[in-house]
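The numbering used here applies: residue 41 is where the sequence shown begins, and numbers increase by one.
C-beta atoms are modelled at their ideal positions from N, C-alpha and C, and glycine is treated no differently.
None of these values were measured; they are calculated from a predicted model.
Some notes on the structure that comes next.
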Amino acid sequence: MKVYTKTGDKGTTSLFGGTRVPKDHARIESYGTVDELNSHIGLIRDQEMNVHYKEILIEIQDRLFTVGAILATPPEKEVMKNGELRLKKLGIVETDIELLENEIDAMENELPQMTHFVLPGGHATVSYCHIARCVCRRAERLAVHLSHNEPVAEIAIKYLNRLSDYLFVLARKLSHDLDAVEVQWIPRK
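Listed below in structure tokens is the structure:
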């Protein structure tokens with residue numbers, strides 16, 4: 041199988057199920073941003089950190105492939121011609137969200153309470169987390185935007201929302217673990 045197909049040379053691409061759309065379609069922007077997020081999470085995972093965090097990040101990357109597949113499947117193509125669900129073995133479930141929530145709670149139990157906004161930075165790994173958090177928020181906004189015009193599984197949007205929270209707390213926890221300086225933003229008087 042060749043990497044290049046030449047089918048997108050005129051600015052269109054195929055969604056799951058074969059529907060062709062412009063490359064700037066809201067569905068493409070949405071799952072493309074999830075793909076970008078997945079790459080940023082891979083960069084975080086490549087950093088020196090606790091093995092447990094790396095394992096959770098691998099799980100998150102796997103789930104993001106599923107979110108991308110959900111976003112890449114137009115509603116009219118969710119059921120194949122043979123009557124089976126196109127993504128029958130894929131899906132985001134509540135336990136995926138609970139995993140993120142449990143991880144957030146565990147990390148927060150080891151962190152001082154936040155009293156102000158946190159400025160991104162202090163260590164490269166922490167900064168990578170903040171960049172991924174921002175990309176995650178953009179992916180969430182794009183999925184919500186898409187949902188205004190076409191059905192989008194609510195749980196996929198919920199997962200992205202919780203993931204951005206996880207990435208924020210992971211940044212704080214890594215700041216703590218790496219003895220990085222966490223600078224809190226204090227408004228000028």
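Put simply, of Y44, S204, T53 and R67 the residue whose alpha carbon is nearest the alpha carbon of A193 is R67. Relative to L186, the option among T106, P114, I98 and T52 whose CA is nearest is P114. One thing to note: E222 has its Cβ within 8 Å of the Cβ of V158. Contact between D205 and I132 is absent: CB atoms are separated by about 16 Å, not below the 8 Å threshold. Boundaries of the beta strand (DSSP E) harbouring T52: T52 to S54, taken from the DSSP string. Counting C-beta pairs closer than 8 Å gives three or more between the segment 153 to 170 and the segment 206 to 219, which meets the contact rule.
Between M147 and V91, the beta carbon gap of about 15 Å keeps them out of contact (Cβ cut-off 8 Å).
By the neighbour-count criterion, in which a residue is buried when 16 or more other Cβ atoms sit within 10 angstroms of its Cβ, T106 is buried. Counted as a single uninterrupted DSSP element, the alpha helix (DSSP H) harbouring E143 occupies residues E134 to E148.
Straight across, the Cα-Cα distance linking E141 with R202 is about 7 Å. Runs of the beta strand (DSSP E) lying entirely within the segment 71 to 108, each at least 3 residues long, are absent.
Nearest C-alpha to A164 among I84, L97, L111 and E69: I84. Taking I226 as reference, the option from H188, H156, L200 and G161 with the minimal CA-CA separation is H156. In the DSSP assignment, A164 falls within the alpha helix (DSSP H) that extends over A164 to S187. V192 carries a coil assignment under DSSP once its states are collapsed to helix, strand and coil. Assignment of R202 by DSSP, reduced to helix, strand and coil, places it in the helix class. Here the alpha carbons of I98 and T59 stand approximately 30 Å from one another.
Going by C-alpha positions, A220 is about 33 Å away from G108.
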